[in-house]
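Report on one structure; see the data block that follows.
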Amino acid sequence: MVAPVLTIRGATKAFGGAVALRGADLTVGESEIHALLGENGAGKSTLIKLLAAVHERDGGAFEVSGKPLPPGFSPRDVAEAGVRFVHQDFGLIDTMSVMENMALVGGFVRRKGFIDHRASAAWAAQQLERLGLAVDPTILVGNLSTAEKAIVALARAMEGEAKLIVLDEVTAALPSPDVARVHAAIRAARGRGVSFIYVSHRLEEVFQLCDRLTVLRDGCNVATTDVSSVDLEQVVAWIAGRVIHLERAARPSSTGTVRLAVSGLAEDEVDEPATFSVAAGEILGVTGIIGSGYDSICEMVAGIRQSRSGTVVIDGAVLRAGSTAASRTAGLEIVLGDRTRAAFAERNVRENLFADCLFHSGRWPDLGGEKSRVKELIAAFDVRPKHCAELPIQSLSGGNQQKILFARALMAKPKMLVLIDPTAGVDVGARAELHDLLHQAAAQGTAILFASSDFEEIGAVADRVLIVRDRRISAGVVGEEMTWNRLFMEAHRGSTTVLSLDAPERWAP
């Protein structure tokens, strides 16, 4: 009997008094794509970091192809055993060529002791073509699309007789069509005998790609099974430990009062100016594939990107282009999914929550009142751990960091809330909780502009959706027409019939 490529038995790890893993197990077979699932804080990242020798295990056995990794094993031990890792940022250097990035692992082809650039380029091109990617290996990585970067990172990881590659959220920033390209490359690699651990919060990808799955919750195993033997609702129940309804929740119709009016908004590279409006209490979705400009339009509305023409009006007040100060004064708040731009990573939770006070009042609130308010907000937004006020925000899981950013924005009681990929890298449980917060804000009259390339999410949350294609609004979809298939189709080929882009006098979910 052939030994599994990877066997982990009884993995345990605690950080101080916080137990991250409680005897977790994981087995990956030959040429298998194995999904590792769980909410933020379930123990996935810790298990991966133990395997990568980033952290030292407290207990448990780790074997690769039947051979135990030594006590206190190092990253070199793991690499020599044939285990590789590709993370969400891919670890590529944009200012180096594709060939040079791949040579960082595989080395250059040499002739008589000297680097043979032509042969090295041919070798790199051959490795990429095996995964279905035909690009010039001499171009800079920075000129590649995100999907192409992912495939380059995958090809590089396969060098040196890789047996197992851990893919950690490698498609988190990719739109659906580009995900298909990466999946095709992964399948091609599996055909060459490579096994995979696939970490993703996009559950639909698990059903499209993976052979088996393991679910962790609170550091423990919940289930390991063949993907073909379960459905989405069962997996969601395992991950969350509670029922999460994925369908669109019914919401009351709006009063129709226009809160945001955008007219002729454009920047240099936008082909067609954007004109639309959002009603008080309405959630307007804006979507498209990466590079379509869906996020740029929303950044111009929020004032974090300069526009060259057009106007943005909130309740009759015309905002100054490219000014976040003017936007906030008018009652607009923004939540970004890119926490490196939105949060003060080295600051604690309390300081991040009240950072906006410096803008609105020019001073910090008194410490006593601040601590009391922080405690209330942590409880109200169900941030975990509950006693996290003085912890660095970067020590929290992604979902809990986003709850803090939502709390900071909603604490200002905004008239207008702009969200740009706000749930990127957030698990299904935390995502549902963030959606509930949005619906509560809308019910109180906040107008919401929700930008995301996740068609399933945008269709479930928004009341209407604008499709951006080739840097212009190409279509509008409303109500029961907001299916994944319709949004996918419109994002890729546009539409000859454009629905009204303005907030209707009354709209229904």
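Using my numbering, the letters of the sequence shown map in sequence onto residues 8 to 516. Just so you know, even glycine gets a beta-carbon here, dropped at the ideal spot from N, CA and C. Here the structure is a predicted model, which means the values were calculated and not measured.
Next on the checklist: Using CA atoms only, rank isn't needed, just tell me which of 313, 317 and 334 is closest to residue 324.
Outcome noted: Measuring from the Cα of residue 324, the nearest candidate turns out to be 334.
| field | Best match in 186, 312 and 91 for proximity to residue 332 [C-alpha to C-alpha] | value | 312
Q: Report buried or exposed for residue 498, applying the criterion of at least 16 other Cβ atoms within 10 angstroms of its Cβ.
A: Here residue 498 is buried: its Cβ has 16 or more other Cβ atoms, across all protein chains shown, within 10 Å.
### Query
What is the DSSP secondary structure of residue 402, counted as helix, strand or coil?
helix
If you check the beta carbons only, do residue 476 and residue 295 fall under 7 Å apart?
yes
Checklist entry - Taking one C-beta from the region 171–178 and one from the region 89–99 each time, how about it: are there three or more such pairs within less than 8 Å? => result yes
Practice problem: Using the Cα positions of residue 33 and residue 131, report the straight-line distance between them to the nearest angstrom. | Solution: 33 Å
**Item:** Segment limits, beta strand (DSSP E) that includes residue 232
**Value:** 227–233
**Message:** Suppose the cutoff is 7 Å on Cβ atoms and the five residues either side in sequence are ignored; what does the same chain contact list for residue 404 look like?
**Reply:** Non-local beta-carbon contacts of residue 404 in its own chain, meaning distances under 7 Å to residues more than five positions away in sequence, involve 47 and 48 in chain order.
* Buried or exposed (CB count within 10 angstroms, at least 16 for buried), residue 134 -> buried
Query raised in the report: In whole angstroms, what is the alpha-carbon distance linking residue 290 and residue 417?
Result: 15 Å
- Task: Going by DSSP, name the residue or residues bridged to residue 117.
- Result: 122
| request: Note down the Cα distance separating residue 288 from residue 103, rounded to an integer number of angstroms. | output: 48 Å
- Task: Quick one: using the 10 Å Cβ neighbour count with 16 as the cut-off for buried, is residue 398 buried or exposed?
- Result: Exposed is the call here.
When the Cα atoms are used, what is the spatial distance from residue 99 to residue 156?
About 8 Å.
Q. So, helix, strand or coil for residue 127, using DSSP?
A. helix
Check your understanding: On the three-pair Cβ rule with 8 Å, is the region 103–115 touching the region 53–60?
Key -> no
- Query: Do residue 197 and residue 38 have their CB atoms nearer than 7 Å?
  - Reply: yes
| field | Three or more C-beta pairs below 8 Å linking the region 9–26 and the region 55–75 | value | yes
Fill in: Bridge partner(s) assigned by DSSP for residue 301
Per DSSP, none; premise fails for residue 301.
| task | Determine the direct distance from the alpha carbon of residue 238 to that of residue 188, and round the result to whole angstroms. | result | 24 Å
Quick check on the burial criterion: 16 or more other C-beta atoms within 10 angstroms. Buried or exposed for residue 119? exposed
> By the 10 Å Cβ neighbour count, where 16 or more other Cβ atoms means buried, how is residue 357 classified, buried or exposed?
Replying inline: buried
(request) Inspect the beta-carbon positions of residue 274 and residue 479 and report whether they are closer than 7 Å. (result) no
DSSP three-state label for residue 296, please. It is coil, neither helix nor strand.
Worksheet entry | Simplified DSSP state of residue 311, which is helix, strand or coil | Three-state DSSP puts residue 311 in coil, outside helix and strand.
For this session: With distances taken Cα to Cα, identify the nearest neighbour of residue 389 among 406, 401 and 378.
Result: 406
Item checked: Per DSSP, the bridge partner or partners of residue 340 -> 424
Query raised in the report: Mind checking residue 61: buried by the 16 CB within 10 Å criterion, or exposed?
Result: By the 10 Å Cβ count, residue 61 comes out exposed.
key: Contacting residues, own chain, Cβ-Cβ under 7 Å from residue 252 (five flanking each side not counted)   = Any reading at residue 252 needs caution, since the residue's pLDDT is 42, under 50, leaving its predicted position unreliable; the model's value is listed next. So the list is empty, once near-sequence residues are dropped.
- With a 10 Å radius around its C-beta and 16 neighbouring C-beta atoms as the bar for buried, classify residue 77 as buried or exposed. exposed
CB residue 225 to CB residue 427, shorter than 7 Å?
no
- Query: Around the Cβ of residue 20, are there at least 16 other Cβ atoms within 10 angstroms (buried) or fewer (exposed)?
  - Reply: buried
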